[in-house]
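Numbering (my numbering), first residue to last: 579 to 661. Where is the CB? At the ideal position from N, CA and C, for every residue including glycine. Computed from a predicted structure; not experimentally measured.
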C-alpha cells in the first residue's frame with residue numbers, strides 16, 4: 579500500500595494502524611491478567627486507534643504497516659480420523 583501511494587497507483591487507502599492495535603491488545607491483556615477484577619476505567623475493555631484515510635504515503639509507518647519482509651505463516655494441523 580505504501581509503495582502504491584508513493585507511486586500514485588493508489589489514490590486513497592485506509593489504515594487501521596495494525597501495529598498500534600497489537601500494542602494496545604498486549605497492554606490490555608497484561609492489565610487484565612494482573613488485575614482480573616479491575617474496573618473498565620482501570621483496564622479499558624474496548625480500545626482501538628482511529629482509522630486513518632491516507633491520500634499520500636505516511637511519513638512514518640511505525641504504527642500502521644508491517645515490515646517489508648513480513649510474511650504471515652499459517653499452519654493448519656489436520657485431525658486424524660478414528661477407525
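Using 8 Å as the Cβ pair cut-off and three pairs as the minimum, do the segment 614-631 and the segment 588-604 touch? Taking 8 Å as the limit for Cβ pairs, the verdict is that the segment 588-604 does touch the segment 614-631.
When you measure from the CB of residue 628 to every non-hydrogen atom of the ligand GDP, does any distance come out below 7 Å? The ligand content of the structure shown is nil, which means the ligand GDP is not present either.
Output the boundary residues of the beta strand (DSSP E) element that contains residue 591. Working through the chain shown from its first residue, we reach residue 591 at position 13. From DSSP, the beta strand (DSSP E) with residue 591 extends over 591-593.
Taking only the alpha-carbon atoms, compute the straight-line gap between residue 608 and residue 597 and give it to the nearest angstrom. The residue you call residue 608 lines up with position 30 of the chain shown. The residue you call residue 597 lines up with position 19 of the chain shown. Taking the straight line from one Cα to the other gives about 17 Å.
Distance, residue 652 Cα to residue 634 Cα: Taking the first residue of the chain shown as position 1, residue 634 is located at position 56. Taking the first residue of the chain shown as position 1, residue 652 is located at position 74. Their Cα atoms are separated by approximately 31 Å.
Just checking my contact of residue 584 with residue 602 at CB under 8 Å: how many whole Å lie between their CB atoms? For the purposes of this step, residue 584 is identified with residue 6 of the chain shown, where counting begins at 1. For the purposes of this step, residue 602 is identified with residue 24 of the chain shown, where counting begins at 1. Rounded, the Cβ-Cβ distance is 27 Å, inconsistent with contact.
Report yes if the C-beta distance between residue 610 and residue 619 is below 8 Å; otherwise report no. Locating residue 610 in the chain shown gives position 32, counting from the first residue. Locating residue 619 in the chain shown gives position 41, counting from the first residue. No, the Cβ-Cβ distance between residue 610 and residue 619 is not below 8 Å.
Alpha-carbon spacing of residue 581 relative to residue 647, whole angstroms: Here residue 581 refers to the residue found at position 3 of the chain shown. Here residue 647 refers to the residue found at position 69 of the chain shown. So the two alpha carbons sit approximately 14 Å from each other.
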